[in-house]
Amino acid sequence: MPRKKFYITTPIYYVNDVPHIGHAYTTIAADVLARFHRLKGEDVFFLVGTDEHGQKVESAAKAKGMAPQEYVDKVSEEFRKAWTLLNISSDVFIRTTDTKHKKVVVQLIKKCFAAGDIYKGEYEGQYCVPCESYWTPLQLVNGNCPTCNRPTQALKEESYFFRLSKYKQQLLDLYANNPGFLAPGFRSPEILSRVREELKDLSITRTSFHWGVQFPVDKKHVTYVWFDALPNYISAIGYPGKKFQKFWPADVHVVGKEINWFHSVIWPAMLMSAGLQPPKKVFAHGWLTVNGEKMSKSKGNVISPQYLVERYGVDVSRYFLLSEIPFGQDGDFSEKALVARANAELADALGNLLQRTLVLIEQKCDSKIPRPGKFSAEDEELVKASDILKVVDKHMENFEFHRAIKAIWEFVDACNKYVTLQAPWKVEEKKRVETVLYVLVESLRLLSILVYPFMPKTAESLSAQLGQKIGNHKKLVFGKTTKGAVKRGEVLFKKLEVAGKDPFSALDLRVARVLEVNDHPNADRLYVLKIDLGTEQRTLVAGLKAFVPRDQLANRLIVIVANLKPHEFRGVMSQGMLLAAEKNGKVVPLNPVGAKMGEHVLAQGVASAPVPQVSIEEFAKIVLTTATKEVMYGNKKLVTSGGAVAADVDDGAKIK
Ligand code: ME8
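Under this note's numbering, the first residue of the sequence shown is numbered 2, with each subsequent residue one higher.
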């Protein structure tokens, strides 16, 4: 019997933005499924990648003064790095600028053309440039784009169309014959009614920009970004070759709800036109907010995968995102909730269970896993409680990660209760002690397999500390013959704290280089600076014009509050604040002597744990001053790798 195959994909993310927690959320969920299906013994193919063409990307490259290819190479690499950080076990990272991919796009378009499904027409409509979407007057919200709420523009251009309307009945049949196709189920009524009522032909080419796949039917045209992006799911598995024959149709495309229409309607219709099978399922999950707010660059509350991993660790972040929010629903990411869950469920429940068990085996059995004696009723009860694979499997099949985790943690709780009640440290009879400890080791071995998809590193450490190799689902049966010696290593989870206790630790002070100094268009006393943080460029507004000549600012290093809530100064948004020292009417920017661009500025002896954002009021409570021309936080110096941060003013200056 050949192994069952499982082909799972994430969206390919646009490279006009750097990776953030929203992208991480989808990708982690898909990774958990991929790992779960590997444990089931299936032949898994897991695809991730980047969407690199289109007007948005062309404009983003231009804004950075880079050639499009150079720009997409750079940002695509950031996604790759983020997925390595988050321990994503993808098989292929597809890029739409790959030559092989572009060939498949052309092949697919030719097939649709040959089927009579592509024709030339004229497109007229309200167009949203950032979203690359035309909208009908009915779809606009107060005249603005319904997705991003920005103004749209009336546009008319020659365009090729895809006969989407022709596939109405076939699409409705697809949904009717495959009840699991539109998932989660509560999203299907909206798709069904839109397909029934508003299925129009789709404009699939543009002439207004160049960065994309040339349209094979007419070289003046560039292929619309979705007609270029969606085929990644077949180009990545070598359409029309052997791998494609083996893995297509995809078992599931995991996407965010805002791109459900493209995946559930347009993509199957394209495939039908080309004579190919539609995927088996599109799962559209909900939207994440951060502390109750929509994430946005201008709000400055975007959380990066690096931040998550550095601050909380990869497994804690993975666990939290999937245990907290029912997949499919909208949900909120809050660091307070993360810390509470991590401490209770990970450090206290799972971490302590392992720790207690290992210490007892060291003390009572010289680190060797003992042979069990006869099982008591309580032992048998725990064995029964360990038999949860079926339940977990059912939840995973339904994409209900939070339920799967809950079922696993019920077992963790049962184990903890068991240790407390059996209290092996008090028991006299040696065989009974050994039996209890054996039951615990075996339970933890099962847990290592159960938690593996969610927290692979933790699972590996857990099984290594038990002296075992991590198993698959075949090994997920409570046995009586597990042998070996335990090897206590690092604790699985350290206790976390919500931000630092010292208010300074919430700050993200960083060294930046000034690239440009311009006058503020609407304010006499303000400069508008363009600065470089190494990882990104930003705009800052600074009230220095009366104090510092332009040429003394240009190209020098400064210190900024990088996580200050962005603020608009007379029409110019300042993304952070330059720090300067003021005393007796003299104002000088802080001087990070010998520092490197982008590095963090710390207060000696204060742990740094920057939060995503601080308000100006919070910042104002943190008093910084100067002593002997150095910048101080209380009696602690502000430092970089170059030493103390300097400010050429008298002692006791105010820093702001
Ligand atoms: O749409 N909450 O790319 P994209 C949850 N290139 N998920 C979020 C999120 C949030 N706040 N923000 C983003 C595109 N996502 C196209 C896809 S596929 C052939 C082409 C996740 O960079 C979610 O998965 O805008 C969403 O669908 C995706 O990122 C959008 O990524």
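All C-beta atoms in this analysis are idealised placements derived from N, C-alpha and C, irrespective of residue type, glycine included.
(message) Among the candidates D525, K488, R96, whose CA atom is the shortest distance from the CA of Q356?
(response) K488
(message) For a quick check, are the C-beta atoms of A610 and L639 less than 9 Å apart?
(response) no
(request) Note down, in chain order, each residue of its chain lying with its Cβ closer than 8 Å to the Cβ of S236, except the 5 sequence neighbours on either side. (result) I95, D99, K101, H102, K104, V105, V106
(message) Let me check one thing: in DSSP terms, what residues is Q154 bridge-paired to?
(response) Y128
(request) Give the secondary structure of G577 by DSSP, where H, G and I count as helix, E and B as strand, and everything else as coil. (result) coil
(message) Quick check on this structure: which residue in V58, K407, C416, K157 has the alpha carbon closest to the alpha carbon of K385?
(response) C416
(request) Count the CB pairs spanning the region 179-188 and the region 38-50 that are closer than 8 Å, and state whether there are at least three. (result) no
(request) Indicate the three-state DSSP secondary structure (helix, strand or coil) for F114 in the structure shown. (result) helix
(request) Could you give the DSSP three-state label for A64: helix, strand or coil? (result) helix
(request) Could you say if the region 373-393 and the region 435-444 meet the contact criterion of at least three C-beta pairs nearer than 8 Å? (result) yes
(request) Classify K407 as helix, strand or coil using the three-state DSSP reduction. (result) helix
(request) For N292, verify whether its CB is less than 8 Å away from any heavy atom of the ligand ME8. (result) no
(request) Just tell me which of V428, A582, M67, L516 has its CA closest to the CA of V646. (result) A582
(request) Report buried or exposed for T208, applying the criterion of at least 16 other Cβ atoms within 10 angstroms of its Cβ. (result) exposed
(message) Ignoring anything shorter than 4 residues, give me the alpha helix (DSSP H) runs that lie fully in the region 303-360, in order along the chain.
(response) 306-313, 315-325, 336-342
(request) Apply the 10 Å Cβ neighbour rule to P590 and answer buried if 16 or more other Cβ atoms are within range, or exposed otherwise. (result) buried
(request) Answer yes or no: the CB of D18 versus the heavy atoms of the ligand ME8, is any distance below 8 Å? (result) yes
(request) Tell me where the alpha helix (DSSP H) around V73 begins and ends. (result) 69-86
(message) Closer than 8 Å to a non-hydrogen atom of the ligand ME8 - does that hold for the CB of I450?
(response) no
(message) From the DSSP secondary-structure annotation, give me the bridge partner or partners of F284.
(response) A184, V255
(request) Return yes when the C-beta of Y26 is under 8 Å from any heavy atom of the ligand ME8, and no when it is not. (result) yes
(request) Check whether the Cβ of W84 sits closer than 8 Å to any heavy atom of the ligand ME8, and report yes or no. (result) no
(request) For G472, I'd like the list of residues in its chain whose CB is within less than 7 Å of its CB, leaving aside the five on either flank, ordered along the chain. (result) I450
(message) Let me make sure I understand the geometry here. Which of D118, E398, G572 has the alpha-carbon closest to that of T540?
(response) G572
(request) Would you mind reading off the limits of the alpha helix (DSSP H) that contains T28? (result) 22-40
(request) Return the first residue and the last residue of the alpha helix (DSSP H) that W227 is part of. (result) 226-230
(message) Comparing C-alpha positions only, which one of K431, L448, W227 sits nearest to R411?
(response) Note that residue 411 corresponds to Glu in the displayed sequence, not to Arg. Closest by alpha carbon: L448.
(request) With a threshold of 8 Å, establish whether the CB of Y72 neighbours any heavy atom of the ligand ME8. (result) no
(message) Quick check: what's the CA-CA separation for A343 versus L272?
(response) 44 Å
(request) Return helix, strand or coil for S265, following the three-state DSSP convention. (result) helix
(message) Rounded to the nearest angstrom, what separates L565 and I623 at their Cα positions?
(response) 13 Å
(request) Let me know the secondary structure DSSP gives S506 once reduced to three states. (result) helix
(request) Less than 8 Å between the CB atoms is what I'm expecting for V58 and T28, so what's the real figure, rounded? (result) Their Cβ separation, rounded to whole angstroms, is 20 Å, which puts V58 and T28 out of contact at 8 Å.
(message) Less than 9 Å between the beta carbons of G293 and S335, yes or no?
(response) yes
(request) Report buried or exposed for R446, applying the criterion of at least 16 other Cβ atoms within 10 angstroms of its Cβ. (result) buried
(request) Use the C-beta contact count for R511: other C-beta atoms within 10 angstroms, 16 or more gives buried, fewer gives exposed. (result) buried
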